[in-house]
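Data first, discussion second: the structure below is written as structure tokens.
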Amino acid sequence: MSASETRPETKHGIGVSPGTAHGPVVQVAPPVRPPADEPAPVDAEAALADVKAAFETVAQSLETRAATADDTAQQILKATALIARDKGLAKAAGKLIHAGRGPAHAIDGAVEEYAAQFEALGGLFAERVTDLRDVGSRAVAAVLGVPPPGVPRITVPSVVVAEDLAPAETATLDRALVVGLITEAGGRTSHTAILAAQMGIPAVVQLPGATQIPAGVHVALDGDAGEVTINPDPALVEAQWVRGERRKEALATHSGPGLTRDGKQVALLANIGGVADAVGAAALDLEGVGLFRTEFVFLSASKAPTVAEQTEIYRQVFAPFGSRRVVVRTLDAGADKPLAFADLGPEENPALGRRGLRLTAERPELLDAQLEALAIAARETGADVRVMAPMVATAEEAAWFTRRVRENGLPTAGVMIEVPGAALRARDVLAEVDFGSLGTNDLAQYTMAADRMQGALSELLDPWQPAVLDVIAAACAGADLAGRPIGVCGESAGDPLLALVLVGLGASSLSMAPSKVPVVRFALSVHSLAECQHLAVAAREARTAQEALQYVRERANGELTELL
Ligand code: PEP
Ligand code: MG
1309 MSASETRPET KHGIGVSPGT AHGPVVQVAP PVRPPADEPA PVDAEAALAD
1359 VKAAFETVAQ SLETRAATAD DTAQQILKAT ALIARDKGLA KAAGKLIHAG
1409 RGPAHAIDGA VEEYAAQFEA LGGLFAERVT DLRDVGSRAV AAVLGVPPPG
1459 VPRITVPSVV VAEDLAPAET ATLDRALVVG LITEAGGRTS HTAILAAQMG
1509 IPAVVQLPGA TQIPAGVHVA LDGDAGEVTI NPDPALVEAQ WVRGERRKEA
1559 LATHSGPGLT RDGKQVALLA NIGGVADAVG AAALDLEGVG LFRTEFVFLS
1609 ASKAPTVAEQ TEIYRQVFAP FGSRRVVVRT LDAGADKPLA FADLGPEENP
1659 ALGRRGLRLT AERPELLDAQ LEALAIAARE TGADVRVMAP MVATAEEAAW
1709 FTRRVRENGL PTAGVMIEVP GAALRARDVL AEVDFGSLGT NDLAQYTMAA
1759 DRMQGALSEL LDPWQPAVLD VIAAACAGAD LAGRPIGVCG ESAGDPLLAL
1809 VLVGLGASSL SMAPSKVPVV RFALSVHSLA ECQHLAVAAR EARTAQEALQ
1859 YVRERANGEL TELL
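Counting along the sequence shown from 1, when you hit position 115 you're at 1423 in our numbering, and nothing is skipped either side.
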């Protein structure tokens, strides 16, 4: 390598999981393509048997990985294994074999047929295309007898780099050896971002040219600043390490409930996706759960879980929290979170379709079974369980949900505020419930009309967008008029500077990936409520998202900004 190739080079992306890391790059192997010169099969039946065996190998390897993964990962891996066992896929490949294609091309052709249909259907189905192509590429590798695509075997602490990671890949990364994560695509609220933060692995997404960094080259990344340095000089690594240590020390000086400097309480809560997350989060210094995404538990279920099955899971989630609060979101099925047993069929625009509460309104038996199970588990564990509905748009929907929650003997009902319509009329919507929780991931998506799964639209999806801040402000003002508490459980709650703005706007709780709690606690502790309110005013005076962030950074307490 020439001297110029080893010069340090710093690039900027979006930091989505806090912390710093450095190490050699491991590039995720790209998908395996069928060879151009693959011959037509001599024996079509034997070729079809090879194809079926390849799909089965993929299904089994995903299930083997699932067996040792945590529960969010397990669900994702099992859901992907189900795709590999899809009979329609093998049948489509069979047709292509009989038309003279070799096994690898037949697999690829069948997957692409499905992918084109899914993409045309959009939303819910389009979200499955990454997983579908991942299965296809693994099956092609299996039928060709070459190593599978994806994360190679890692033996030393490394930084994993990819175009984007399938949820299955992110969820199964070995936390002990994967010290950092960088993707060229992805977005703030993509699966990769949510899971990396949940797993506590520092991560940067949307890094230009990431996949061009040669394997083995040393990089240093900062998951707070969204900065990656290729070939960092030892001084930079040292400085980053020192900063990391100083940060850890500073953060360790604060513990206990979230409080502003002048004593305003802001509950610091965890976002979780299942039993293992619950056990992990309950062991930490936080005040409970602000968002239990129950649909994550059932991603791979083909049949609706029974009341007894659900009760057992909820019991295991609630028990570790003792008397701390656990806010449970009822099934948010549809769009980016499809569930096989709660599928109302193809829709043109699933993100705008019958998802979340709208879906359970059409299938009330799903909601009732869930509420019944939650009520039993709450009674048996004595936990402070509060239930909230996703994707609520109107006061009538909120009233309908509250009635059902109360009929099932659960005392506290709330709604997610993630639809701009509900945010603008929060006064009426929240009057029907006990509390509100701002889902800023979807609120940004719908306010800016930008699909949250499109990494390319990251700038529009930025929760610092002044329009998004205005909608949040309207929701907080409505909550105040209705006399109901409102919190935040979207990814924005874990951004320490934005957390100050949210508190300034009126949020009384913040729920986030557990790894983000310490820095948010620190941020609150060095600002008074009045200062948070001033920061909120400054952010809303900005014309652009960058300006909003810049104004707040300039005005925030230096004790915090020097750690960021
Ligand atoms: C949100 O939309 O902000 C949210 C917290 O829910 P999810 O990311 O699960 O849609
Ligand atoms: Mg949402």
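Every residue gets a Cβ at the ideal spot worked out from N, C-alpha and C, and that includes glycine. Please read all numbers here as calculations on a predicted model, not as lab measurements.
Quick test of your reading: residue i and residue j, contact by CB under 8 Å. State the CB separation rounded to the nearest angstrom.
{"i": "residue 1868", "j": "residue 1834", "result": "6 Å"}
{"i": "residue 1440", "j": "residue 1405", "result": "Rounded, the Cβ-Cβ distance is 19 Å, inconsistent with contact."}
{"i": "residue 1714", "j": "residue 1633", "result": "Actually they are not in contact, since the Cβ atoms of residue 1714 and residue 1633 sit about 18 Å apart, beyond 8 Å."}
{"i": "residue 1711", "j": "residue 1781", "result": "With a Cβ gap of about 30 Å, residue 1711 and residue 1781 do not count as contacting."}
{"i": "residue 1328", "j": "residue 1465", "result": "Their Cβ separation, rounded to whole angstroms, is 13 Å, which puts residue 1328 and residue 1465 out of contact at 8 Å."}
{"i": "residue 1576", "j": "residue 1829", "result": "6 Å"}
{"i": "residue 1787", "j": "residue 1814", "result": "7 Å"}
{"i": "residue 1707", "j": "residue 1723", "result": "In fact, because the Cβ distance is near 10 Å, the residues do not count as touching under 8 Å."}
{"i": "residue 1639", "j": "residue 1648", "result": "Incorrect: roughly 12 Å between the Cβ atoms, too far for contact."}
{"i": "residue 1512", "j": "residue 1323", "result": "6 Å"}
{"i": "residue 1665", "j": "residue 1698", "result": "6 Å"}
{"i": "residue 1797", "j": "residue 1819", "result": "4 Å"}
{"i": "residue 1514", "j": "residue 1766", "result": "6 Å"}
{"i": "residue 1537", "j": "residue 1826", "result": "About 24 Å; that fails the 8 Å criterion."}
{"i": "residue 1416", "j": "residue 1444", "result": "6 Å"}
{"i": "residue 1602", "j": "residue 1636", "result": "6 Å"}
From residue i to residue j, what does the alpha carbon distance come to, in whole angstroms?
{"i": "residue 1494", "j": "residue 1500", "result": "7 Å"}
{"i": "residue 1700", "j": "residue 1508", "result": "31 Å"}
{"i": "residue 1764", "j": "residue 1497", "result": "12 Å"}
{"i": "residue 1311", "j": "residue 1542", "result": "Summary for residue 1311: the model assigns pLDDT 41, below 50, so the residue's position carries little reliability; its value from the coordinates is reported in the next sentence. One C-alpha to the other measures close to 16 Å."}
{"i": "residue 1447", "j": "residue 1610", "result": "22 Å"}
{"i": "residue 1309", "j": "residue 1455", "result": "In this prediction, residue 1309 has a pLDDT of 42, which is less than 50 and means its spatial position is unreliable; nothing more can be read from the coordinates."}
{"i": "residue 1744", "j": "residue 1488", "result": "34 Å"}
{"i": "residue 1679", "j": "residue 1752", "result": "29 Å"}
{"i": "residue 1771", "j": "residue 1777", "result": "7 Å"}
{"i": "residue 1754", "j": "residue 1438", "result": "23 Å"}
{"i": "residue 1382", "j": "residue 1582", "result": "10 Å"}
{"i": "residue 1318", "j": "residue 1519", "result": "15 Å"}
{"i": "residue 1644", "j": "residue 1459", "result": "24 Å"}
{"i": "residue 1857", "j": "residue 1864", "result": "10 Å"}
{"i": "residue 1482", "j": "residue 1824", "result": "20 Å"}
{"i": "residue 1607", "j": "residue 1599", "result": "17 Å"}
{"i": "residue 1467", "j": "residue 1401", "result": "37 Å"}
{"i": "residue 1625", "j": "residue 1349", "result": "52 Å"}
{"i": "residue 1721", "j": "residue 1505", "result": "28 Å"}
{"i": "residue 1586", "j": "residue 1534", "result": "28 Å"}
{"i": "residue 1491", "j": "residue 1453", "result": "28 Å"}
{"i": "residue 1347", "j": "residue 1408", "result": "9 Å"}
{"i": "residue 1860", "j": "residue 1808", "result": "9 Å"}
{"i": "residue 1671", "j": "residue 1560", "result": "47 Å"}
{"i": "residue 1283", "j": "residue 1703", "result": "An answer regarding residue 1283 cannot be provided, because it is not within the stretch 1309 to 1872 covered by the chain."}
DSSP on residue i, reduced to helix/strand/coil?
{"i": "residue 1876", "result": "Absent from the structure is residue 1876, since the part of the chain shown begins at 1309 and ends at 1872."}
{"i": "residue 1521", "result": "coil"}
{"i": "residue 1311", "result": "For residue 1311, the pLDDT reaches just 41, beneath the cut-off of 50, and the residue's location in the model is therefore unreliable, leaving the point undetermined."}
{"i": "residue 1556", "result": "helix"}
{"i": "residue 1645", "result": "strand"}
{"i": "residue 1750", "result": "helix"}
{"i": "residue 1869", "result": "helix"}
{"i": "residue 1621", "result": "helix"}
{"i": "residue 1464", "result": "coil"}
{"i": "residue 1778", "result": "helix"}
{"i": "residue 1514", "result": "coil"}
{"i": "residue 1528", "result": "strand"}
{"i": "residue 1638", "result": "coil"}
{"i": "residue 1509", "result": "coil"}
{"i": "residue 1590", "result": "helix"}
{"i": "residue 1492", "result": "coil"}
{"i": "residue 1762", "result": "coil"}
{"i": "residue 1444", "result": "helix"}
{"i": "residue 1478", "result": "helix"}
{"i": "residue 1425", "result": "helix"}
{"i": "residue 1656", "result": "coil"}
For residue i and chain D, any beta-carbon pair shorter than 9 Å?
{"i": "residue 1850", "result": "Absence of chain D from the displayed structure is noted, only one protein chain being present."}
Is it the case that the segment 1515-1530 contacts the segment 1788-1797, given that we only count it when at least three CB pairs across the two stretches are under 8 Å?
At 8 Å Cβ cutoff, the stretches do not touch.
Three or more C-beta pairs under 8 Å: does that hold for the segment 1369-1386 against the segment 1409-1416?
At 8 Å Cβ cutoff, the stretches do not touch.
Can you confirm whether the segment 1340-1358 touches the segment 1606-1625 when touching is taken to mean that 3 or more C-beta pairs between the two stretches lie within less than 8 Å?
Touching, no.
Is there contact here, the segment 1556-1569 with the segment 1588-1596, by at least three beta-carbon pairs under 8 Å?
Yes: the two stretches touch, three or more of their Cβ pairs being nearer than 8 Å.
Count the CB pairs spanning the segment 1333-1349 and the segment 1363-1378 that are closer than 8 Å, and state whether there are at least three.
Contact fails: fewer than three Cβ-Cβ distances are below 8 Å.
Which runs of the alpha helix (DSSP H), 4 residues or longer, sit entirely within the segment 1674-1756?
As summarised for the segment 1674-1756, the continuous alpha helix (DSSP H) elements at least 4 residues long and confined to that stretch are 1703-1715, 1728-1732, 1734-1739, 1748-1755, given in chain order.
In chain order, what are the residue ranges of uninterrupted beta strand (DSSP E) at least 3 long that sit wholly in the segment 1779-1835?
Complete beta strand (DSSP E) runs here, min 3: 1794-1796, 1817-1820.
Quick check for students: name the residue ranges of the beta strand (DSSP E) that lie wholly in the segment 1318-1368, counting only runs of 3 or more.
The DSSP assignment places 1322-1325, 1328-1335 as complete runs of the beta strand (DSSP E) inside the segment 1318-1368, in order along the chain (cut-off: 3 residues).
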